[in-house]
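Only one structure is covered here, and it is reproduced in the block below.
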Amino acid sequence: MGNSKSCALSKEVLEELKLNTRYTKEQLHTWYQTFLRECPTGRISQQQFESIYASFFPDADPKAYAQHVFRSFDQNSDGTLDFKEYIVALHLTSSGKTMEKLEWAFALYDLDGNGSITKNEIQEIVRSIFNMISKEAQKNLPQDENTPEKRADKIWDFFGKKENDKITEGEFIQGIMDNKNILRLIQFDEPQKVQERLKEKKH
Ligand SMILES: [Ca+2]
Ligand SMILES: [Ca+2]
299 MGNSKSCALS
309 KEVLEELKLN
319 TRYTKEQLHT
329 WYQTFLRECP
339 TGRISQQQFE
349 SIYASFFPDA
359 DPKAYAQHVF
369 RSFDQNSDGT
379 LDFKEYIVAL
389 HLTSSGKTME
399 KLEWAFALYD
409 LDGNGSITKN
419 EIQEIVRSIF
429 NMISKEAQKN
439 LPQDENTPEK
449 RADKIWDFFG
459 KKENDKITEG
469 EFIQGIMDNK
479 NILRLIQFDE
489 PQKVQERLKE
499 KKH
């Protein structure tokens, strides 16, 4: 007997996702089925999200970073990722346009969501990124960026900011567009790899 709930993806969500991502209706339907199978509640909790990261980075301490990434994906701040938020995250990190990715990076760094980034916020994210890098790999980092503090200083200097200044979203995006070196310093590309592996699972 057919299950009437087997394709409960609402038309609104489907249309919105089709509009904002490059995914087809068929792909979205298929992913939704898998999503529901793995997350029967239709939502990914922060704990589940953290354990996904933990399983991908057994030798690191990805908890803090996973929490920050989770927050940046949880658009309505209800503490869970629903299918829509999940697909937008997948799209952003794997195939989004540069501008979308930079907007997301800004949201990641803007911890309190007040529309500007302080040096403290930079330090906090950079620290969580360092927890993802093995001690061995940290030894190979350039002298002036081999601690979270040094790297945060370097980013701050790139933007030509004084200690208590703030970076607005416009400055953040423009700064990175003007100098791709900053991109390397602010990002950790593993989320993309995580997303890709998740995506493989969904096929
Ligand atoms: Ca949410
Ligand atoms: Ca802020």
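If you count the sequence shown from 1, position 77 lands on 375 in the working numbering, and the numbers rise without skipping. Even glycine gets a Cβ: it sits at the ideal position worked out from N, Cα and C. Since the model is a prediction, treat every value here as computed from it, not as a measurement.
How about residue i and residue j: do their beta carbons lie closer than 7 Å?
i: I465; j: F457; result: yes
i: M430; j: P356; result: no
i: A362; j: S426; result: yes
i: I474; j: L481; result: yes
i: Q485; j: A450; result: no
i: T391; j: R341; result: no
i: L315; j: I423; result: no
i: L406; j: H366; result: yes
i: A358; j: E348; result: no
Just to confirm my understanding: we take residue i, look at its own chain, exclude 5 residues before and 5 after, and list those with CB closer than 8 Å. What are they?
i: L307; result: L326, H327, Y330, F381
i: E310; result: none
i: G413; result: T466, E467
i: C337; result: Q346
i: W402; result: S370, L390, T391, G394
May I ask you to list the residues that DSSP assigns as paired with residue i?
i: T378; result: S343
i: T466; result: S414
Cα-Cα, which of the options is closest to residue i?
i: T319; options: F333, D451, G394, I471; result: G394
i: N418; options: I453, Q436, M397, E336; result: I453
i: A461; options: I415, S353, Q436; result: Strictly speaking, residue 461 in this sequence is Glu, with Ala absent from that position. It is I415.
i: F333; options: L409, D463, E383, D410; result: E383
Near residue i, what residues of its chain come up, given a Cβ to Cβ distance below 6 Å and the 5 sequence neighbours on each side ignored?
i: F404; result: E467, F470
i: P489; result: With a pLDDT of only 49 at P489, under 50, the local geometry of the prediction cannot be trusted, and no value is derived from it.
i: S343; result: T378
i: H389; result: T319
Using C-beta distances below 7 Å, list every residue in its chain close to residue i, excluding the 5 sequence neighbours before and after it, in chain order.
i: N477; result: F456
i: P446; result: Q421, V424, R425, F428
i: K459; result: I465
Counting Cβ pairs, one atom from each stretch, are 3 or more of them under 8 Å apart for the region 367 to 379 and the region 439 to 454?
-> The answer is no - the region 439 to 454 does not touch the region 367 to 379, with fewer than three Cβ pairs under 8 Å.
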